[in-house]
Amino acid sequence: MTFLQPATPVHPRPDRYSFDAFQLDVRARQLLHGGDPVPVQGLVFDLLLYLASHPGETLSKERLLAEVWGNRHLTDATIAQAVRKARAALGDDGRTQMYIRTVHGRGIRFEADVTSGDAAAPPPAAASTPGLPVAAAGPGPASGWRVVAILLLLTGAWGLWLAFPGPGVREAPAIAAEPLPAATRIAVFPFENATGEVDYDWLRHGLPAAARDLLALAEGVEALGPRELEDVPEGDLDHRSAYVGARFGLTATVARKEGRFAVAWLLVRDDGGRHQGQFTTAEATLIARELVRQVLASARGVAPVMVSDAIDAGDPLALELYSRGMEAAMRNERAQAVKLLEAALARAPGSTQLKVAVAQVAFDPANVQGSIQRLREVMDGLPADASLARATLRFEVGKLLWFVGEMEQAEGLLRDALDDPGIDRLLRARVLNSLAMVEQSLLRFDVAWEHARAAESLLRQLDSPYFLAMALTNLGYLAEDMGRLAEAQQYHEEALGIRERSGFPTLVAASRYGLGRVLRRSGRFEEAEELVRMALDTAIAHDVRHDVFDNCEELAEIAMRLEKYEDAATWLEQARAVAESNDDALGLVWVRQLQGRLSLRSGSVTAATVAGHEGVVRDLEAVGERQDAQLARLELAQMHLALGRPDAAYGLLRRVADDLDAAGISGVALGHEVVNAQWLAARGERTGALSALLETIRHARASGAWDIEAEAAILAGHLALETGDVATAGRVLAIARAWSPGYYRTRELAQALRAVETGTGRTD
């Protein structure tokens with residue numbers, strides 16, 4: 001008879017660890033020095049907490065991986081970086097090693113004398129905190145930022161903890177975060193040009209852009225305009241304003257009556273209230289100032305106020321030129337926009353907003369270095385108190401650099417924007433989100449994850465479903481690239497829920513597409529196909545061409561898994577036609593990449609296929625798409641193996657490996673492991689290849705990359721049968737069946753195993 005052993009008592013972890021002037025607050029997940037917070041990343045805090053709870057013990061890398069980071073597949077470079085950052089947070093370094101000592105060949109040891117205990121209950125929050133004024137008349141910009149920085153430190157620690165859950169798990173906070181105090185947000189949507197004259201088309205986007213900038217100059221106002229709201233679908237004003245988390249939403253109609261401009265404006269409140277007004281003016285140049293004057297008066301419930309002249313410096317024509325220039329920019333007419341904005345700046349040379357607008361619109365993708373030089377000159381010439389304008393300019397140009405593939409330049413500008421003391425919370429979240437996408441493109445997945453989670457944490461406090469759903473969607477794609485499919489699914493499902501509640505069909509379709517990708521990689525092909533077809537129907541109905549393209553490509557991917565190669569070719573042809581109609585050069589490269597992938601899956605690789613895929617790699621590298629370029633290299637290596645060229649495949653594998661040294665776990669890294677095992681098998685090293693694939697299965701399972709786990713299992717199963725290891729073949733077949741029992745490659749392995757077991761197949 002077996003007796004159960006008494007359960008070992010579980011001792012709760014202390015709330016606080018102290019050493020010298022430092023304290024680790026476990027509940028708040030903060031490092032304090034003399035009572036002041038010391039910012040540290042979540043990965044670093046986890047390390048410090050474990051060190052402080054095990055002082056004097058020599059801790060090996062394997063123990064840290066298992067007990068601190070849950071056996072996640074972290075590279076040696078990532079672990080070393082965490083140790084360096086932990087030392088830096090404590091004022092330590094690799095030479096003095098006052099706190100964290102390296103025990104060569106064995107690990108690290110925490111040298112401090114640590115005391116622990118429960119913290120006293122925190123005092124009640126000051127009564128003034130909930131009503132903390134933002135942009136109040138007393139403190140200047142610097143002191144206002146310090147208040148926000150303190151709030152971010154107090155509320156952001158949980159977000160950093162969420163950045164590093166265990167594999168396949170996404171934890172939720174125990175208590176919902178309270179929204180931070182915020183300025184009054186006013187969303188300015190496009191106006192209607194009811195004049196009937198094409199010459200006044202600038203009233204649609206240009207005039208609201210000018211109104212947005214004038215509103216943003218008012219104390220205590222955070223304004224969003226057409227550029228920030230470009231992707232918000234059409235709908236009623238109340239609906240759209242609520243979706244972007246605005247207290248007020250503004251639109252207007254401008255008509256011509258008896259030789260004068262007649263302006264009718266509507267301002268809706270988040271509580272359902274509505275303000276409206278109208279006025280006439282003989283000059284279009286006067287519309288923006290009078291409109292903003294009346295809107296501010298209505299929003300604040302006070303008598304009309306004076307509007308800042310920081311844009312037009314008392315020259316109404318400068319404001320009209322600015323409006324016309326911004327309209328041209330929205331239509332991607334860069335040369336015309338630059339001329340109009342420079343003309344406006346010539347009339348108002350002291351305007352910060354005009355200087356920023358000229359620098360942003362003048363960015364020339366064909367002359368990146370010249371554009372960057374001009375940007376630096378403009379920023380050097382901005383007044384010291386124009387920190388928000390400087391941060392905004394860095395953000396907008398950083399995004400443009402990312403779009404044209406200048407990743408390192410983009411990363412530098414976005415990091416500088418984060419460091420600017422004038423950055424507001426919404427802009428900070430948007431910068432973090434864009435920075436994460438740049439780092440993802442650079443294959444820096446761990447730091448991209450950290451920044452994306454920080455953006456998510458901040459946006460959850462800002463009551464903006466539009467920007468939150470966007471951040472969640474990007475997190476879904478990032479989690480997918482990192483092989484964390486369970487988390488990717490959760491992010492896409494949450495974004496889908498937000499968008500379904502919003503009722504905007506095109507955004508719902510975008511989330512269905514993202515979720516369909518995850519379902520396909522989870523082996524749920526029929527569910528994925530149904531979801532993506534729904535998304536495609538919506539994209540076609542609303543003529544969202546880039547979404548039509550994405551869905552056609554994804555349906556091709558699904559068809560390949562269903563062994564429907566003709567259907568896949570048809571979907572790729574439709575995607576190619578859409579890309580050509582949009583002048584989408586990158587889209588055409590992606591179509592060529594998938595056509596090569598189709599040749600691999602269907603077993604129809606030729607020398608021409610190889611030559612075409614070499615061009616795909618070059619084109620992806622040229623536009624800065626490093627991750628796709630690396631995936632294409634791995635596919636190219638498989639093509640060489642299919643043609644019996646292992647030496648050519650090896651060179652490609654080495655090139656990919658060089659880029660993965662500090663990338664951490666990712667789909668690319670796991671894919672490299674799979675193709676490297678195929679290369680070993682092609683050289684006749686079947687035992688080594690089988691061992692490598694079994695290791696890849698463990699890595700993929702730990703990260704949650706179920707499709708790569710299954711594909712590696714199928715390859716391992718065939719190798720096991722070739723080496724006579726029927727038991728291993730049976731075990732890995734179970735893995736493939738758990739992923740997708742109907743997948744054609746799973747069925748092929750099952751048939752091969754059955755043939756061996758019944759004596760009708762060979763094992764040599």
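Under UniProt numbering, think of the first position of the sequence shown as 1, with each following residue one higher.
Every residue, glycine too, gets a C-beta built ideally from N, C-alpha and C.
Limits of the unbroken beta strand (DSSP E) element including residue i
{"i": "G249", "result": "F248 to K257"}
{"i": "T184", "result": "T184 to V188"}
{"i": "I100", "result": "I100 to V103"}
{"i": "T281", "result": "R274 to T281"}
{"i": "T115", "result": "T115 to G117"}
{"i": "F22", "result": "F22 to D25"}
{"i": "I108", "result": "G107 to F110"}
Span of the alpha helix (DSSP H), counted from its first residue to its last, around residue i
{"i": "H718", "result": "W706 to E722"}
{"i": "A528", "result": "F525 to A541"}
{"i": "Y491", "result": "L485 to S502"}
{"i": "T506", "result": "P505 to R521"}
{"i": "L215", "result": "W202 to A216"}
{"i": "E219", "result": "Element bounds for E219: n/a, residue is neither H nor E."}
CA-to-CA distance, residue j to residue i, given in whole angstroms
{"i": "Q30", "j": "F467", "result": "27 angstroms"}
{"i": "residue 827", "j": "L443", "result": "Limits of the chain in this structure are 1 at one end and 764 at the other, which puts residue 827 out of reach."}
{"i": "E290", "j": "A509", "result": "40 angstroms"}
{"i": "R545", "j": "Q574", "result": "11 angstroms"}
{"i": "A752", "j": "A734", "result": "14 angstroms"}
{"i": "Y17", "j": "E529", "result": "52 angstroms"}
{"i": "L51", "j": "F110", "result": "6 angstroms"}
{"i": "R27", "j": "S740", "result": "42 angstroms"}
{"i": "L475", "j": "P383", "result": "36 angstroms"}
{"i": "A454", "j": "R256", "result": "48 angstroms"}
{"i": "A80", "j": "K61", "result": "10 angstroms"}
{"i": "A642", "j": "A495", "result": "41 angstroms"}
{"i": "N676", "j": "N582", "result": "38 angstroms"}
{"i": "A282", "j": "A299", "result": "26 angstroms"}
{"i": "residue 765", "j": "A629", "result": "Because the chain here runs from 1 to 764, residue 765 falls outside it and cannot be looked at."}
{"i": "L636", "j": "Y243", "result": "44 angstroms"}
{"i": "A318", "j": "E614", "result": "52 angstroms"}
{"i": "R683", "j": "A649", "result": "11 angstroms"}
{"i": "residue 770", "j": "V40", "result": "Since the first residue shown for the chain is 1 and the last is 764, residue 770 is missing from the structure and cannot be characterised."}
{"i": "K564", "j": "E711", "result": "18 angstroms"}
{"i": "D201", "j": "L345", "result": "21 angstroms"}
{"i": "I540", "j": "G730", "result": "45 angstroms"}
{"i": "A335", "j": "S371", "result": "14 angstroms"}
{"i": "L47", "j": "V38", "result": "15 angstroms"}
Neighbourhood of residue i by C-beta distance below 8 angstroms, restricted to the same chain and skipping five residues each side
{"i": "R269", "result": "R247, F248 and H275"}
{"i": "R63", "result": "G107"}
{"i": "L588", "result": "R576, A579 and E580"}
{"i": "P123", "result": "A caution first: P123 carries a pLDDT of 38, below 50, which makes its placement in the model too unreliable to give a value."}
{"i": "T115", "result": "Y17, S18 and F19"}
{"i": "Q278", "result": "A262, V263, A264 and W265"}
{"i": "R146", "result": "Note that R146 scores a pLDDT of 30, beneath 50, so its modelled location is shaky; the value from the coordinates is reported in the next line. Excluding sequence neighbours, R146 sits near nothing in its chain."}
7 angstroms CB neighbourhood of residue i in its chain, flanking five on each side removed
{"i": "A343", "result": "L321"}
{"i": "L478", "result": "A436, Q440, A448, W449 and A452"}
{"i": "T758", "result": "none"}
{"i": "V397", "result": "Q360, F363, L375 and L413"}
{"i": "V616", "result": "V589, R592, Q593, G596 and A632"}
Nonlocal neighbours in the same chain, by C-beta distance under 6 angstroms from residue i, ignoring five residues either side
{"i": "R576", "result": "V591"}
{"i": "R188", "result": "Here residue 188 is Val; the residue named in the question, Arg, does not match the sequence. Result list for V188: P208, A211, R212, G225 and L250, in chain order."}
{"i": "A535", "result": "A509, R512, Y513 and N551"}
{"i": "E709", "result": "I697, A700 and R701"}
{"i": "K399", "result": "S434"}
{"i": "R499", "result": "A469, L507, V508 and S511"}
{"i": "H205", "result": "P190, P226, E327 and M330"}
Inter-residue CB distance, residue i and residue j (contact presumed, cutoff 8 angstroms)
{"i": "A471", "j": "N433", "result": "5 angstroms"}
{"i": "D113", "j": "F19", "result": "6 angstroms"}
{"i": "F445", "j": "M482", "result": "5 angstroms"}
{"i": "L594", "j": "A556", "result": "6 angstroms"}
{"i": "Q678", "j": "L620", "result": "No, Q678 and L620 are not in contact; Cβ-Cβ is about 22 angstroms, not under 8 angstroms."}
{"i": "R521", "j": "W706", "result": "7 angstroms"}
{"i": "A692", "j": "L680", "result": "6 angstroms"}
{"i": "A215", "j": "V221", "result": "A quick correction: the sequence has Leu, not Ala, at residue 215. At roughly 5 angstroms, the Cβ-Cβ gap stays under 8 angstroms, so L215 and V221 are in contact."}
Short CB-CB distance (under 8 angstroms) between residue i and chain B
{"i": "G667", "result": "Looking for chain B here will not work: only one protein chain is present."}
message = For the pair the region 228-245 and the region 351-369, tell me if three or more CB-CB distances fall below 8 angstroms.
response = no
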